[in-house]
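Q:
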Amino acid sequence: MSVTLSESAARHVSNFIAKRGKGFGIRLGVKTSGCSGMAYKLEFVDDTHDEDLVFDSHGVKVVVDPKSLVYLEGTELDFVKEGLNEGFKFNNPNVKDQCGCGESFNV
821 MSVTLSESAA
831 RHVSNFIAKR
841 GKGFGIRLGV
851 KTSGCSGMAY
861 KLEFVDDTHD
871 EDLVFDSHGV
881 KVVVDPKSLV
891 YLEGTELDFV
901 KEGLNEGFKF
911 NNPNVKDQCG
921 CGESFNV
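Counting from 821, one number per residue, gives the positions in the sequence shown under this note's numbering.
1. Just to confirm, are LYS909 and VAL927 a CB contact at a threshold of 8 Å?
2. Are the CB atoms of THR895 and VAL883 within a distance shorter than 8 Å?
3. From the DSSP secondary-structure annotation, give me the bridge partner or partners of TYR860.
4. With DSSP as the reference, label GLU827 as helix, strand or coil.
5. Whose C-beta lies closer than 8 Å to the C-beta of SER834 among residues of the same chain, with five residues either side of it excluded?
6. Using DSSP's beta-bridge definition, name the partner residues of ASP898.
7. Look up GLY843 in the DSSP assignment and give the residues it is bridged to.
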């Protein structure tokens, strides 16, 4: 399995990297936080670490550290517009419960 982006998310990330003027993808990870135990981390990638796993999704590199992959394997990152709001949405099949605001989760 891997970690992927939807076409919409890949397009959004590609546009952001182009505006930023550097970088080749995004790093997805998890950290201990929030009321449900874990929260997602999302940042642009300019370089990788030796232990990183790199997935290609719709032409965008998705970088994940091995410790986070346990929680993110099979996840698709989507970019959605809902009414006046827009943003990234994590479709993670490993999530067993999440807080009401959707910012943290547990597996």
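The beta carbon of each residue, even a glycine, is placed where N, CA and C say it ideally should be. From a predicted model like this one, the values you see are computed outputs, not experimental measurements.
A: The structure says:
1. One-based indexing of the sequence shown puts residue 909 at position 89. One-based indexing of the sequence shown puts residue 927 at position 107. Not closer than 8 Å, so no.
2. Counting from one through the sequence shown, the residue named residue 883 turns up at place 63. Counting from one through the sequence shown, the residue named residue 895 turns up at place 75. Here VAL883 is not near THR895, since their CB atoms are 8 Å or more apart.
3. Stepping through the sequence shown from its first residue, residue 860 is reached at position 40. Beta-bridge partners assigned by DSSP to TYR860: VAL850.
4. Position 7 of the sequence shown, counted from the start, is the residue given in the question as residue 827. Three-state DSSP puts GLU827 in a helix.
5. As a working note, residue 834 is residue 14 in the sequence shown. Around SER834: GLY879 and VAL880.
6. Reading the sequence shown from its first residue, position 78 is the one you call residue 898. Beta-bridge pairing links ASP898 to LYS909.
7. Residue mapping note: residue 843 aligns to position 23 of the sequence shown, counting from 1. Checking the DSSP bridge columns, you'll see GLY843 has no partner listed.
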